[in-house]
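Structure first, then comments.
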Amino acid sequence: MDVGELLNYQPDRGAKRPRGEDEGAAGGEEDSRGGKQKGLGARELARYRESVAEMRETDEMTEDKKKILDKLMDQDEEEPEAEPVDESSVKKMILTFEKRSYKNQELRIKFPDNPEKFMESELDLNDIIQEMHVIATMPDLYHLLVELNAVHSLLGLLSHENTDILLHTAHVAIAVVDLLQELTDIDTLHESEEGAEVLIDALLEGQVVALLVQNMERLDEQVKEEADGIYNTLAIVENMAEFRPGLCTEAAQQGLMQWLLKRIKAKMPFDANKLYCSEILAILLQNNDSTRELLGEMDGIDVLLQQLSVFKRHNPNTAEEQEMMENLFDALCSCLMLPSNRDRFLRGEGLQLMNLMLREKKMSRTSALKVLDHGMIGPEGADNCHKFVDILGLRTIFPLFMKTPKKMKKTGNSEKEHEEHVCSVIASMLRNLKSQQRTRLLNKFTENDCEKVDRLMELHFKYLEAVQQADKRIEGEKHEMVRRGEILDDGMEDEFYLRRLDAGLFVLQLICYIMVEISNSGISQLQQRVHQILNLRGGSVKVVRHIMREYAESIGDGKAEEFKEAERKRIMDLVDKF
Numbered sequence: 001m002d003v004g005e006l007l008n009y010q011p012d013r014g015a016k017r018p019r020g021e022d023e024g025a026a027g028g029e030e031d032s033r034g035g036k037q038k039g040l041g042a043r044e045l046a047r048y049r050e051s052v053a054e055m056r057e058t059d060e061m062t063e064d065k066k067k068i069l070d071k072l073m074d075q076d077e078e079e080p081e082a083e084p085v086d087e088s089s090v091k092k093m094i095l096t097f098e099k100r101s102y103k104n105q106e107l108r109i110k111f112p113d114n115p116e117k118f119m120e121s122e123l124d125l126n127d128i129i130q131e132m133h134v135i136a137t138m139p140d141l142y143h144l145l146v147e148l149n150a151v152h153s154l155l156g157l158l159s160h161e162n163t164d165i166l167l168h169t170a171h172v173a174i175a176v177v178d179l180l181q182e183l184t185d186i187d188t189l190h191e192s193e194e195g196a197e198v199l200i201d202a203l204l205e206g207q208v209v210a211l212l213v214q215n216m217e218r219l220d221e222q223v224k225e226e227a228d229g230i231y232n233t234l235a236i237v238e239n240m241a242e243f244r245p246g247l248c249t250e251a252a253q254q255g256l257m258q259w260l261l262k263r264i265k266a267k268m269p270f271d272a273n274k275l276y277c278s279e280i281l282a283i284l285l286q287n288n289d290s291t292r293e294l295l296g297e298m299d300g301i302d303v304l305l306q307q308l309s310v311f312k313r314h315n316p317n318t319a320e321e322q323e324m325m326e327n328l329f330d331a332l333c334s335c336l337m338l339p340s341n342r343d344r345f346l347r348g349e350g351l352q353l354m355n356l357m358l359r360e361k362k363m364s365r366t367s368a369l370k371v372l373d374h375g376m377i378g379p380e381g382a383d384n385c386h387k388f389v390d391i392l393g394l395r396t397i398f399p400l401f402m403k404t405p406k407k408m409k410k411t412g413n414s415e416k417e418h419e420e421h422v423c424s425v426i427a428s429m430l431r432n433l434k435s436q437q438r439t440r441l442l443n444k445f446t447e448n449d450c451e452k453v454d455r456l457m458e459l460h461f462k463y464l465e466a467v468q469q470a471d472k473r474i475e476g477e478k479h480e481m482v483r484r485g486e487i488l489d490d491g492m493e494d495e496f497y498l499r500r501l502d503a504g505l506f507v508l509q510l511i512c513y514i515m516v517e518i519s520n521s522g523i524s525q526l527q528q529r530v531h532q533i534l535n536l537r538g539g540s541v542k543v544v545r546h547i548m549r550e551y552a553e554s555i556g557d558g559k560a561e562e563f564k565e566a567e568r569k570r571i572m573d574l575v576d577k578f
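So the sequence shown is residues 1 to 578, counted in full-length UniProt numbering.
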């Protein structure tokens, strides 16, 4: 390796988080000095440090080369400490960046077919972008990036194409992505809310997501540096979405949703980028009907089902692959909260896939149950409920109702979560099924001497006890607060109610709803069995009615007022007849 190659050497830059087992250390030393370098440029020093060991081992190295290397080392050792970073030095840095950016652009226009003419300016531009990383340590100075037009210039460089294949110079666009990722680091943004707001506003005004997506379209993930560039791009989106959740709709509409779906379904080996794509997709869909609708229109439900079908008969190979699977399931559950996506899920044979997953007893089973719950709940789930019975889903769901699987810890789900989802699916079917399918469901409760009613009552007393214990603790806390003269406001009451739900009140409400429904089914055998076990175990119809009245009052959050009233009336009619 000669000195020319040494000065053109470009070390690997690490991603925001390690993308592989041996990638975490990359780029760590490169930026440790910060500030402006004297003597040697930061680029040459970094390249020299990476290559010096290899060069010293070469027997054929000439005396001239040794002298040059010794001189470089002397300059490195004699280098004074970096200048302190303040507003003045940041302004200088930004102005230097603007000059170099303009010069590079000018040369590119002048010599479009001769990269050698603008290569030196490209390296200089890359250097100043690296130096600008120091600004990320001072978010209160972010306003300078906006006032001096640096944000606009940086975004302009995202469309920068590197045509020099021979020398493998760093992509300026990737250097910009690295800088933006560091500037938008969520911890840094929270250090100065004012500076962060100014930066995010300027980025959004400049259509940052659209430009980032266009840049990702050009990158080749077979090249490590470019794969890291995609990873860091996704980190920018995550940072901005966490700081300002409202931008998810805009980001999705600027091409990000389409790119994520395309990348997730690409026939490539599983890697950190695919995992990150699944995470960003789940974030975009959280509490956002606009992005859910957009995904549905892009056939995203089919993409999710196709990707999840891999885990029908096979468990994920690694913890990372399991995390991706859970992200995709979360994205699917989120989408199913939009009524129009329920129909897409039905037509895409999502019910059949979830039913198979429940039968195969792999790690996907727990999440498949959660998806069924989301797909069948409420009046919008009626078609899915009928189809589930038609595909013999009752044979799948009731064994899970009768016995909670022991292998719950592997998937990180609790026994309560499992029982909540199973009871919710059965409650949804009792609410939505008509005619023949409803009869088939009710007949299940009469099988084997009403064993499913016995299990239902067992769960009733289990959760009743848990809720009663929680109520005692809460009452004790209330008395203590009153004794201290504290006021029990609506906020505190809401908090206490959430604690009761967490203790098992919601599952208890679902169980009581099933009890009331089957008791009013017209099958005397079921009604008699419910009352018989209530009496035997010291239960009370009065307690069941109280639980159901409380359930009726809280039902239909987010629904139309007309629906709420009709549903409350229906439930209270069932309670009165119980």
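For each residue, glycine too, the CB sits at the ideal point set by N, CA and C. From a predicted model like this one, the values you see are computed outputs, not experimental measurements.
Check                                                                                                             : Outcome
Simplified DSSP assignment, three categories, for Met363                                                          : coil
Anticipated Cβ contact below 8 Å, Val530 with Ser540, distance rounded                                            : About 12 Å; that fails the 8 Å criterion.
Simplified DSSP assignment, three categories, for Gly28                                                           : For Gly28, the predicted structure reports a pLDDT of 41, less than 50, and the residue's modelled location is therefore unreliable. The matter cannot be settled from this model.
First through last residue of the alpha helix (DSSP H) which encompasses Pro399                                   : 394-402
Proximity winner among Met429, Ile109, Phe97, relative to Asp390 (alpha-carbon distances)                         : Met429
Reference Asn287; option with closest CA among Asn315, Leu275, Leu308, Ala331                                     : Ala331
Proximity below 7 Å, CB of residue 590 to CB of Ser364                                                            : What the structure shows of the chain is the stretch from 1 to 578, and residue 590 is not part of that stretch, so it cannot be assessed.
Supposed close pair Asp185, Ala136 - CB separation, criterion 8 Å                                                 : 7 Å
Separation of Val146 from Ser89, as counted between CA atoms                                                      : 16 Å
Min CB distance Ile487 to chain B below 7 Å                                                                       : Chain labels in this structure do not include chain B; a single protein chain is all it has.
Three or more C-beta pairs below 8 Å linking the segment 176-190 and the segment 239-255                          : yes
Buried or exposed (CB count within 10 angstroms, at least 16 for buried), Lys406                                  : exposed
Span separating the alpha-carbon of Leu199 from that of His143                                                    : 7 Å
Alpha carbon of Ile523 to alpha carbon of Glu451, nearest angstrom                                                : 15 Å
Close-in-space but distant-in-sequence residues of the same chain around Arg17 (CB under 7 Å, 5 per side omitted) : Because the pLDDT of Arg17 is 49, which lies under 50, any placement of that residue in the model is unreliable, and the number read from its coordinates should be weighed accordingly. Nothing meets the Cβ criterion.
Status (buried if at least 16 other CB within 10 Å, exposed otherwise) for Met402                                 : exposed
Where the alpha helix (DSSP H) through Gln509 begins and ends                                                     : 506-519
Residue burial classification, Met354 (beta-carbon count within 10 angstroms, cutoff 16)                          : buried
Rounded straight-line distance, which links the Cα of Met324 to that of Leu179                                    : 27 Å
Residue of Glu197, Gln258, Pro139, Gly350 minimising C-alpha distance to Arg292                                   : Gln258
Backbone secondary structure at Gly348 - three-state DSSP                                                         : coil
DSSP-derived helix/strand/coil call for Val575                                                                    : helix
Stretch pair the segment 413-426 + the segment 492-509: three plus CB contacts closer than 8 Å                    : yes
Three-state class that DSSP yields for Ile523 in the structure shown                                              : coil
Gly246 versus Ala252 - alpha carbon distance                                                                      : 11 Å
Simplified DSSP state of Pro269, which is helix, strand or coil                                                   : coil
Nearest-angstrom Cβ-Cβ length linking Lys274 and Ile283, presumed shorter than 8 Å                                : In fact, because the Cβ distance is near 15 Å, the residues do not count as touching under 8 Å.
Any non-hydrogen atom of the ligand GTP within 6 Å of Ile555 CB                                                   : The ligand GTP is absent from the structure shown, which contains no ligands of any kind.
Spatial distance of Arg500 from Met138 (CA atoms)                                                                 : 45 Å
8 Å CB neighbourhood of Glu98 in its chain, flanking five on each side removed                                    : Leu148, Asn149, Ala150, Ser153
Extent of the continuous alpha helix (DSSP H) run through Ala202                                                  : 193-205
Buried versus exposed, by CB contacts within 10 Å (16 or more), Ala196                                            : buried
Span of the alpha helix (DSSP H) around Pro115                                                                    : 115-131
Lys434 in three-state terms, based on DSSP                                                                        : coil
Exposed unless 16 or more other CB atoms sit within 10 angstroms - verdict on His171                              : buried
N-terminal and C-terminal residue of the alpha helix (DSSP H) that His152 is part of                              : 150-157
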